[in-house]
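Notes follow once the structure below has been shown.
Protein chains in written order, with this note's numbering: chain B, 1 to 117; chain X, 1 to 115.
Below, the structure is given as structure tokens:
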């Protein structure tokens, strides 16, 4: 596609429920990043995929968070047993590669606003 | 660990005037990249300008320019001839050269433009 697509745009869920957030990157972009942006804060890194593998998941806050990218394109961020503190905007970004991102940049999606009530 | 600090939660500028947004960072690395991103209400991060640390010349992009002071670890953004469409959140971000590409962001500055 022309840009990074994230669905749903908004998601309201009850505390304790399971949610999935989807990111569809630009075709051909092998690098994919997930960030979490809490209210009044800048985005914080969660996880980085190079192709199908999670090359760096050091930003995931705990084991309730998990992400996959089985075919090297679409990625899904999964949150189990959601808590009110998980409420945030979840942003996805992609690039051709980490090195090429320096020249060609990252393309961000518009994010999913998750609200846990 | 690297950190990025934006000390101005909010700034305001009159249309057609100039405004400067501040950013400082902390790192022990000598080679890195710095970015300014704009985030309008649509939430999509848009790259405004980037600076390579080993380049002493300040980057410019049309009405946007930076004042990069490596020794002081300062990276401010100057917006000239401000336009109503410049109103948004602005984030300063840091990236290690050899990293896997993840960005470290500041908390942002909300810029308002008065007509």
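The C-beta atom is built at its ideal place from N, Cα and C for all residues, glycine as well.
Are the CB atoms of residue i and residue j nearer to each other than 8 Å?
i, j, result
"residue 111 (chain X)", "residue 86 (chain X)", "yes"
"residue 35 (chain X)", "residue 47 (chain X)", "yes"
"residue 111 (chain B)", "residue 89 (chain B)", "yes"
"residue 53 (chain X)", "residue 33 (chain X)", "yes"
"residue 26 (chain X)", "residue 73 (chain X)", "yes"
Per DSSP, which one or two residues make a beta bridge with residue i?
i, result
"residue 99 (chain B)", "Residue 99 (chain B) is not bridged to any residue."
"residue 18 (chain B)", "Bridge partners of residue 18 (chain B): none, in fact."
"residue 19 (chain X)", "X:79"
"residue 33 (chain X)", "X:52, X:95"
Output the distance between the C-alpha atoms of residue i and residue j, rounded to the nearest integer angstrom.
i, j, result
"residue 4 (chain B)", "residue 95 (chain X)", "21 Å"
"residue 95 (chain B)", "residue 46 (chain B)", "16 Å"
"residue 52 (chain B)", "residue 76 (chain B)", "12 Å"
"residue 37 (chain B)", "residue 79 (chain B)", "15 Å"
"residue 108 (chain B)", "residue 100 (chain X)", "16 Å"
"residue 93 (chain X)", "residue 42 (chain X)", "19 Å"
"residue 20 (chain B)", "residue 91 (chain X)", "27 Å"
"residue 54 (chain B)", "residue 48 (chain B)", "6 Å"
Let me check understanding here. Comparing Cα to Cα, which of the options lies closest to residue i?
i, options, result
"residue 44 (chain B)", "B:86, B:26, B:19", "B:86"
"residue 6 (chain X)", "X:63, X:40, X:105, X:67", "X:105"
Run through DSSP, which three-state label would residue i get?
i, result
"residue 69 (chain B)", "coil"
"residue 84 (chain X)", "helix"
"residue 57 (chain B)", "coil"
"residue 86 (chain B)", "helix"
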